[in-house]
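K.L.:
Structure incoming, see below.
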Amino acid sequence: MQFGLNESQEILKHTAKRFFGGELPMAEVRRLMETPTAHHEELWAKMAGQGFMGIIFPEELGGMGLGQVELALLMEEAGYALLPGPFFSTVALAGAALNALGSPEQKKKYIPRICEGLVKGTLALVETNASWDPMQVQLTANGGKLSGTKLFVTDAAVADFIIVAARNGVFIVDGKAAGIKIEPMKGMDLTRKIYSVTFTNTPAEQLSNAGPADLAKPLATAAAALSAELVGGMQRVLELAVGYAKTRKQFGKPIGIFQAVQHMCADMYLETESARSAAYYSAWALSEDAPDAAQAVAIAKMYASDTSRTVCNRGIQVHGGMGFTWENDIHLYYRRAKATETMLGDGAFQRERIARLMMDKTPA
């Protein structure tokens, strides 16, 4: 492993930062989060034009043919900009599952259209037991039809297709199929809408012969991407806090000269850089099929979940009373961090997973 980004990765990261910086000022983020879906077709088309939708998909299917590290870099910049809408749901969730588990025909049907920005998707996993473990799902397909309810489904209202985890397989469902009922749920993150999706004898097509256990790798791709997104948000909160500490004055002096504030900023920097290292390594481990890839992803998601919350807490504390106001942007990053903390498993979920992986490697 090279401890550093290569030239093409640096260019990708710079391009993404410049694109999101130009297209998504915070005023636009706030406008989109007030809409029912937080999605804007014009922005989506521009992202597709940049090649972002095809970042991890094969070139023969219209993608860029890049890897997990490049996806992590893109997600980091998306997190920094607080990108609203279904990019994560389409590319890192549904797209990764389709690319890993779909038949050649299914891939040809959907992936080129994802890359062109013509379709959006999501993945429905969680049920009333609130578990992110695909082996805990209860919904069962019967005769090629699904009946049951999935919860916390991101961006379902704009999804053209939904990947559904069931006990007896992984299925793809048309977003406009008969028997689908999509209802908004109240979520903390105003930029990533969540929904309950109820299926009533809804026609579904199985992804090859895939079962819920086969979702492990695409879910690892999504978890690594989320870890990188959290890092981007942490970086932005750190910059906002440091900038405020340099300009806000008490007793005629910038608050940044006080050790208590300096220590908080130093802790934020340490946690952000540590989370970035863990996120990058997990992405590299996945791309290289490293023996410790599953463990690396769990560690990255565990650490990023915990530290993103504490970094945002400290950022608000540095801002004092200003940090609690609606006009301040930090609370939007806190909302994203807190919502993403639990998505695909919070710190406690990941610690248990790490323990199981460690015990599986321990000789009897």
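Residue 583 in this note's numbering sits at position 138 of the sequence shown; the count goes up by one each step and never skips. Using N, Cα and C, we set each Cβ at its ideal position, and we do this for glycine too. All of these numbers come straight from a predicted model, not from anything done at the bench.
(1) Using the DSSP secondary-structure output, state which residues sit across from Glu628 in a beta bridge.
(2) What residue range is occupied by the uninterrupted alpha helix (DSSP H) comprising Phe465?
(3) Taking the straight line between their C-alpha atoms, what separation do you get for Phe464 and Met630?
(4) Tell me the residue span of the alpha helix (DSSP H) that contains Lys595.
(5) Which value, in whole angstroms, describes the spacing of the CA atoms of Ala472 and Gly589?
(6) Please report the distance separating the alpha-carbon of Ala745 from that of Tyr714.
(7) Fully enclosed by the stretch 707-795, which alpha helix (DSSP H) runs are 4 residues long or longer?
(8) Go through its chain and collect everything with a Cβ distance to Leu511's Cβ below 7 Å, but skip five positions before and after it.
(9) Whole angstroms are fine: how far does the CA of Leu519 sit from the CA of Ser592?
(10) Compute the Euclidean distance between the alpha carbons of Gly768 and Val687, then round it to the nearest angstrom.
(11) Work out the CA separation of Leu546 and Ile799 for me, nearest whole Å.
(12) Please say whether Phe533 and Ala670 have beta carbons closer to each other than 8 Å?
(13) Taking Arg796 as the reference, which of Ile559, Asn758, Ala741, Ala705 has the closest Cα?
(14) Tell me the rounded alpha-carbon separation between Gly467 and Thr585.
(15) From His708 to Thr647, what distance separates their C-alpha atoms?
(16) Would DSSP call Gln513 helix, strand or coil?
(17) Three Cβ pairs or more, each shorter than 8 Å: is that satisfied between the stretch 649-659 and the stretch 613-620?
(18) Reducing DSSP to helix, strand and coil, say where Leu802 ends up.
(19) Hey, could you find the ends of the beta strand (DSSP E) Leu563 is sitting in?
(20) Classify Lys438 as helix, strand or coil using the three-state DSSP reduction.
(21) Please report the distance separating the alpha-carbon of Leu683 from that of Leu635.
(22) Quick one: residues in its chain with C-beta nearer than 7 Å to the C-beta of Trp577, no 5 flanking neighbours on either side, listed in chain order?
(23) Are the beta-carbon atoms belonging to Pro657 and Val615 less than 8 Å from one another?
(24) Return the first residue and the last residue of the alpha helix (DSSP H) that Val682 is part of.
(25) Could you please give me the residues that DSSP links to Phe616 through a beta bridge?
(26) Between the Cα of Ala673 and the Cα atoms of Cys757, Lys662, Tyr726, which residue gives the shortest distance?
(27) Excluding the 5 residues preceding and the 5 following Ala809 in the sequence, name in chain order all residues of the same chain whose CB lies nearer than 7 Å to its CB.
(28) Let me check understanding here. Comparing Cα to Cα, which of Ala493, Ala526, Glu505, Pro531 lies closest to Lys553?
(29) Between the C-alpha atoms of Leu457 and Phe497, what's the straight-line distance to the nearest angstrom?
(30) On the three-state DSSP scale, how would you describe Gln704?
(31) Bridge partners of Lys698, per DSSP?
(32) Hey, how far is the Cα of Thr787 from the Cα of Ser750?
(33) Please name the residue or residues paired with Thr585 in a DSSP beta bridge.
(34) Roughly how many angstroms separate the alpha carbons of Cys710 and Ala743, rounded to a whole number?
(35) Confirm, please, whether the CB-CB distance from Ala483 to Gly530 is below 8 Å.
(36) Can you give me the start and stop residues for the alpha helix (DSSP H) that Asn544 sits inside?
P.N.:
Let me spell this out:
(1) Taking the sequence shown and counting its residues from 1, one reaches residue 628 at position 183. Its beta-bridge partners are Ser641.
(2) What you label residue 465 is simply residue 20 of the sequence shown in a count that begins at 1. Where Phe465 is concerned, the enclosing alpha helix (DSSP H) stretches over 452-468.
(3) The count along the sequence shown starts at 1 and reaches residue 464 at position 19. The count along the sequence shown starts at 1 and reaches residue 630 at position 185. Phe464 and Met630 have their C-alpha atoms spaced approximately 31 Å apart.
(4) In the sequence shown, counting from the first residue as 1, residue 595 sits at position 150. Not the alpha helix (DSSP H): Lys595 falls in the beta strand (DSSP E), residues 590-599.
(5) For the purposes of this step, residue 472 is identified with residue 27 of the sequence shown, where counting begins at 1. For the purposes of this step, residue 589 is identified with residue 144 of the sequence shown, where counting begins at 1. Going by the C-alpha atoms only, they are around 45 Å apart.
(6) As a first step, residue 745 must be located in the sequence shown, where it is residue number 300. As a first step, residue 714 must be located in the sequence shown, where it is residue number 269. Roughly 16 Å separates the two Cα atoms.
(7) 738-764, 775-787
(8) As a position in the sequence shown, residue 511 is number 66, starting the count at 1. If we look at Leu511 and ignore the five residues flanking it on each side, its Cβ neighbours are Ile500, Ile501.
(9) For the purposes of this step, residue 592 is identified with residue 147 of the sequence shown, where counting begins at 1. For the purposes of this step, residue 519 is identified with residue 74 of the sequence shown, where counting begins at 1. Roughly 36 Å separates the two Cα atoms.
(10) The residue labelled residue 768 in the question sits at position 323 within the sequence shown. The residue labelled residue 687 in the question sits at position 242 within the sequence shown. Going by the C-alpha atoms only, they are around 13 Å apart.
(11) Against the sequence shown, residue 799 aligns to sequence position 354. Against the sequence shown, residue 546 aligns to sequence position 101. Cα to Cα, the separation comes out at about 25 Å.
(12) Position 225 of the sequence shown, counted from the start, is the residue given in the question as residue 670. Position 88 of the sequence shown, counted from the start, is the residue given in the question as residue 533. In this structure, Phe533 lies closer than 8 Å to Ala670 by Cβ.
(13) Along the sequence shown, one-based indexing puts residue 796 at 351. Taking only the C-alpha atoms, the option nearest Arg796 is Ala741.
(14) The sequence position of residue 467 within the sequence shown is 22, counting from 1. The sequence position of residue 585 within the sequence shown is 140, counting from 1. Approximately 45 Å between the Cα atoms of the pair.
(15) Numbered from 1 along the sequence shown, position 263 holds the residue referred to as residue 708. Numbered from 1 along the sequence shown, position 202 holds the residue referred to as residue 647. About 55 Å.
(16) Looking up residue 513 in the sequence shown gives position 68. If DSSP states are grouped into helix, strand and coil, Gln513 belongs with the helices.
(17) yes
(18) Position 357 of the sequence shown, counted from the first residue, corresponds to residue 802. Helix.
(19) Within the sequence shown, the letter at position 118 stands for residue 563. Looking at the DSSP string, Leu563 is not in any beta strand (DSSP E), and its letter there is neither H nor E.
(20) Residue 438 is absent from the model: the chain starts at 446 and stops at 809.
(21) Position 238 of the sequence shown, counting from 1, holds the residue named residue 683. Position 190 of the sequence shown, counting from 1, holds the residue named residue 635. Whole-angstrom Cα-Cα distance: 21 Å.
(22) As a working mapping, residue 577 is identified with position 132 in the sequence shown. Closer than 7 Å at the Cβ level, and outside the excluded window around Trp577, lie Leu570, Val571, Leu789, Gly790, Phe794.
(23) Taking the sequence shown and counting its residues from 1, the one referred to as residue 657 is at position 212. Taking the sequence shown and counting its residues from 1, the one referred to as residue 615 is at position 170. Cβ distance < 8 Å, so Pro657 and Val615 count as in contact.
(24) As a first step, residue 682 is located in the sequence shown; it is residue number 237 there, counting from the start. Taken as a continuous stretch (DSSP letters only), the alpha helix (DSSP H) holding Val682 covers 661-692.
(25) Numbered from its first residue, the sequence shown carries residue 616 at position 171. BP columns for Phe616 point to Val609, Gln651.
(26) Locating residue 673 in the sequence shown gives position 228, counting from the first residue. Ranking Cys757, Lys662, Tyr726 by Cα distance to Ala673 puts Tyr726 first.
(27) Within the sequence shown, numbered from 1, the residue matching residue 809 stands at position 364. In this prediction, Ala809 scores a pLDDT of 46, lower than 50, which makes its location untrustworthy; no coordinate-derived value is stated.
(28) Counted from its first residue, the sequence shown places residue 553 at position 108. Nearest of Ala493, Ala526, Glu505, Pro531 to Lys553, Cα basis: Glu505.
(29) Within the sequence shown, residue 457 is the residue found at index 12, counting from 1. Within the sequence shown, residue 497 is the residue found at index 52, counting from 1. Roughly 10 Å separates the two Cα atoms.
(30) As a first step, residue 704 must be located in the sequence shown, where it is residue number 259. Helix at Gln704.
(31) Indexing the sequence shown from 1 puts residue 698 at position 253. Per DSSP, Gln695.
(32) Translated into positions along the sequence shown, residue 787 becomes position 342. Translated into positions along the sequence shown, residue 750 becomes position 305. In a straight line, the C-alpha of Thr787 is about 8 Å away from that of Ser750.
(33) Residue numbering aside, residue 585 sits at position 140 when the sequence shown is read from its first letter. Answer by DSSP bridge pairing, in chain order: Ser592.
(34) Looking up residue 710 in the sequence shown gives position 265. Looking up residue 743 in the sequence shown gives position 298. Approximately 26 Å between the Cα atoms of the pair.
(35) For the purposes of this step, residue 530 is taken as the residue at position 85 of the sequence shown. For the purposes of this step, residue 483 is taken as the residue at position 38 of the sequence shown. Cβ atoms of Gly530 and Ala483: closer than 8 Å.
(36) Counted from its first residue, the sequence shown places residue 544 at position 99. Taken as a continuous stretch (DSSP letters only), the alpha helix (DSSP H) holding Asn544 covers 541-546.
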